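Peer 1: The structure under discussion is supplied below as structure tokens; questions concerning it will follow.
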Amino acid sequence: MDAHREDGLIDSPNFIQNDDELLNRTLAVLPWDRFSNWIHCACVVTFDLELGQAMELIYPGHVKLTDKEKMNICYLSFPDSNSGCMGDTQFHFRIRQCPGRKSLMRAHSQYNRDAPIALQCDDAHYFGFVYFRQTKDRSIRRGYFQKSVVLVTKLPFVALFNQIISIIAPEYFDNGEPSLEAACHDIDQWPIPVPGDTLNLPIMGTVLQVRVPSRSDKLIGPAQTRSEHGHTVPAHTILPSLHEVDIYSAFLTILPHVQLLWELVLIGEPIVVMASSPTVTCHTVQALVNMIAPLKFCSDFRPYFTIHDSEFKEYTTKTQAPPPVILGVTNPFFAKTLQHWPHIIRIGEMGSIGVYTRYKSFLTKDKAILKRLMKGAQLKRPVEAQNAILRRYLLEVTQSFMIPLERYMASLMPLQRNISPHKGPPKLRPFESEKFLETVEHSGPQLTCGIKGDWESLYKRFFRSPNFEGWYYQRQREVNQKLQLLHLEALSNANLSEWIVDKEEVEIVDLILKIKEKLTFASHHHGIVAKDSVSRLQKQLEDIVSTLPDDLQSVIKT
């Protein structure tokens, strides 16, 4: 299958990048600015005999968390008591950020501009990466030492932060708070996460090399790498991915159901994953969310969810249909509480392994991929290779599903020759699902991926899902932005001085306001607007204003 740009749009002209990025890399920064580009805070959660789980430490000390956020972090930082997790346990969770907080910081907004849609920072949620230790200790009244170190962040870099917490936490358990402080100071030296850059990240005497994914990456084949200048230390560990999890291992016990699960995730069905360990649930939930990449999963998902979670009542109520979320749970209590959920995945010791659902797949099962993976297992093919095969297969199926939609979206774009500098920017024509469905029989996904089935009905279900809403909103935004750019280009190239010769003052003032509006748009999108277009438009504005009477000029310039 051919590689496609993830944005699905025709390549824009080679816009000159502004100095913003360069400025961000060279400006003096305040203490903890660089730290907060990557991590919101580090927490230590302990078990208090009177209070239960309690926040022992938040670092850096100036970081604020609401009481609700602290409570959620505390409860989610310990495995359920039934899990019996002795020794060290790693997992991650996701919680809602309380309303009323600041929107995304500048570095995250800039990161979002060029990051793949599915890896953008979410201004409404935090991830928490946990390293929990439980050991017998007779000196403690309860008989056990129980403590967790947690990294709280907005970035969905699951592979990176799992690696980072596995370095920081053991040092903290051995050497206490000074080692956590030292680790945070190391992170405060890291460069900004710029999509497309390869970075060396020093942490506690080791160096991790990572590449930050970019929206312009080819989805299949090697990604283009741009090195961050000034690597001063060699990397000890090269992470192949910031965010990917091993989906093959996650689905190993339920591989025959992978295609069915892909459908369920695509159409945003409620799914609960039940296992005995939060490590298993978070790995499986994250694998489910990643199944439809590069499409963004637009519903809520909780890699580890407990009865103490602030959304427990909202997500387990039986008075209405289950919400379109994916939950990972370990408490046996959920087997009863969520028995009305339509799709349940059981993995490991928590009951019989399998996928429990009445859902009938719209597509015919592709037996070739299962045979290939089973043969690989018999030949003892490395897990990394099996994972790559399954990941590529899912990517190709998702692309086959999305390409007809992208093609239809492109057909809704107005023709470039219809963009006039003397009229407003044209609008994208509305998406009509029935017209799109008429195209599926002759140019649908079955032509590119070879899977037969009722693709039309699958699209109909997809159109009712948050994933479609999220995709359509994003594409609408991108296309309208592109139309604004093309209109700005048309204005900057037009001979406006000639056009205003026989125009009334009111029409000229209207044109001036239109140009000012365009220059405001350019100032908010300076990373994608060509500098010479802005210069030409600014010159046009000055020339037109100079033709007006002095009194009107002074009013317009204020």
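At position 128 of the sequence shown the residue is numbered 128 (UniProt numbering), and the sequence of numbers has no breaks.
For each residue, glycine too, the CB sits at the ideal point set by N, CA and C.
On a predicted model such as this, the values are computed, not experimentally measured, just so you know.
1. For H92, which beta-bridge partners are listed by DSSP?
2. In three-state DSSP terms, what is C43?
3. Mind checking who G143 pairs with in its DSSP beta bridge?
4. In terms of DSSP beta bridges, what is P202 paired with?
5. Apart from the five residues on each side of it in sequence, which residues of its chain come closer than 6 Å, Cβ to Cβ, to K313?
6. Alpha carbon to alpha carbon, what distance is there between D366 and H229?
7. Measure the beta-carbon distance from L488 to S535 and round it to whole angstroms, keeping in mind my assumption that it falls under 8 Å.
8. Compare the Cα-Cα distances from L264 to each of F462, A377, P202 and report the closest residue.
9. To the nearest angstrom, how far is it from the Cα of L552 to the Cα of H422?
10. Output needed for L327: all residues of its chain with C-beta closer than 6 Å, excluding positions within five of it in sequence on either side, in chain order.
11. Among M86, I140, M105, A115, whose alpha-carbon lies nearest the alpha-carbon of D48?
12. How would you label D188, buried or exposed, when you count the other beta carbons within 10 angstroms and need 16 or more for buried?
13. Measuring CA to CA, which of S214, I39, K147, R372 is closest to L155?
14. Would M409 pass as a contact of R477 if the rule is Cβ separation under 8 Å?
15. Report yes or no: do three or more beta-carbon pairs, one from the region 69 to 79 and one from the region 129 to 136, lie closer than 8 Å?
16. Count the other CB atoms within 10 Å of the CB of A124; is the residue buried (16 or more) or exposed (fewer)?
17. Where in the region 239 to 319 do unbroken runs of the alpha helix (DSSP H), each at least 4 residues long, occur, reported from the N-terminal end onward?
18. The beta strand (DSSP E) with Y172 in it runs from where to where?
19. Take the Cβ of Y144 as the centre, count every other Cβ of all protein chains shown within 10 Å, and call the residue buried at 16 or more, exposed below.
20. Quick check on G450: buried or exposed, where buried means 16 or more other Cβ atoms within 10 Å of its Cβ?
21. Evaluate S523 with the Cβ neighbour count: other Cβ atoms within 10 Å of its Cβ, from every protein chain shown; 16 or more gives buried, anything less gives exposed.
22. Within 10 Å of its beta-carbon, does P31 have 16 or more other beta-carbons around it, so buried, or fewer, so exposed?
23. For residue 600, count the other beta carbons within 10 Å of its own beta carbon; 16 or more makes it buried, fewer makes it exposed. Which is it?
24. Considering only the beta carbon of each residue, do D217 and N387 sit closer than 8 Å?
25. Of all the options E441, V479, M291, W471, which has the alpha carbon lying nearest to the alpha carbon of K427?
26. Distance, Cα to Cα, P202 vs F334?
27. List the DSSP bridge partners of M55.
28. Identify every residue that forms a DSSP beta bridge with G354.
29. Put G450 into one of helix, strand or coil per three-state DSSP.
30. Determine whether the beta carbon atoms of H236 and T206 lie at a separation below 8 Å.
31. Count the CB pairs spanning the region 493 to 506 and the region 439 to 453 that are closer than 8 Å, and state whether there are at least three.
32. Counting only the same chain and skipping the five closest in sequence on each side, list residues whose C-beta sits under 6 Å from that of V289.
33. Could you have a look at I508 and say whether DSSP puts it in helix, strand or coil?
34. Could you tell me which of L252, M105, I73 sits nearest to L390, measuring between CA atoms?
35. What whole-angstrom Cβ distance do T41 and I58 have, given they're in contact under 8 Å?
36. Taking its Cβ as the centre, do 16 or more other Cβ atoms sit within 10 Å of E50, making it buried, or is it exposed?
Peer 2: Put simply:
1. Note: H92 sits in a beta bridge opposite F129.
2. Of the three classes helix, strand and coil, the one that applies to C43 here is strand, per DSSP.
3. G143 is not bridged to any residue.
4. Answer is V207.
5. Counting only Cβ-Cβ distances below 6 Å, and skipping sequence neighbours, we find nothing.
6. Confidence at H229 is low in this model, with a pLDDT of 45, below 50, so its placement is unreliable and the value that follows should be read with caution. A straight line joining the alpha-carbon of H229 with that of D366 spans about 46 Å.
7. Not confirmed; about 12 Å, so no contact.
8. Between L264 and the set F462, A377, P202, the nearest pair of CA atoms involves F462.
9. Per the coordinates, the alpha-carbon of L552 lies some 22 Å from the alpha-carbon of H422.
10. Sequence-distant Cβ neighbours of L327 in its own chain, meaning closer than 6 Å and more than five residues away, are V272, R302, F305.
11. Here the closest residue by C-alpha is I140.
12. It counts as buried.
13. Ranking the options by Cα distance to L155, first place goes to I39.
14. The answer is no: Cβ separation not under 8 Å.
15. Counting C-beta pairs with one atom in each stretch, the region 69 to 79 and the region 129 to 136 have three or more that are closer than 8 Å, which means they touch.
16. Exposed, because fewer than 16 other Cβ atoms sit within 10 Å of the Cβ of A124.
17. Counting only runs of 4+ residues, the alpha helix (DSSP H) found wholly inside the region 239 to 319 occupies 247 to 250, 258 to 266, 278 to 290, 312 to 316, in chain order.
18. In the DSSP assignment, Y172 falls outside any beta strand (DSSP E) and lies within the alpha helix (DSSP H) extending over 158 to 175.
19. Exposed, because fewer than 16 other Cβ atoms sit within 10 Å of the Cβ of Y144.
20. Counting C-beta atoms within 10 angstroms of its own C-beta, G450 has fewer than 16 neighbours from the protein chains shown and is therefore classed as exposed.
21. S523 is classed as exposed because its beta carbon has fewer than 16 other beta carbons within 10 Å across all chains shown.
22. Burial call: exposed.
23. No answer is possible for residue 600: the residues shown for the chain start at 1 and end at 558.
24. No, the pair does not count as a contact, with Cβ atoms beyond the cut-off.
25. Residue V479 is the option with its Cα nearest to K427.
26. If you take the alpha carbons of P202 and F334, they lie about 41 Å apart.
27. DSSP, once it has assigned bridges, lists V45 as partnering M55.
28. Per DSSP, the beta-bridge partners of G354 are R346.
29. Three-state result, G450: coil.
30. In this structure, T206 lies closer than 8 Å to H236 by Cβ.
31. Judged by Cβ distances under 8 Å, the region 493 to 506 makes no contact with the region 439 to 453, as fewer than three pairs qualify.
32. Taken in chain order, the residues that qualify are F297, F301.
33. Note: I508 maps to helix in three-state DSSP.
34. Answer by Cα proximity: L252.
35. In the sequence as presented, Thr is not what sits at residue 41; that position holds Cys. Contact annotation, C41 with I58: C-beta distance approximately 5 Å; criterion of less than 8 Å satisfied.
36. So E50 counts as exposed.
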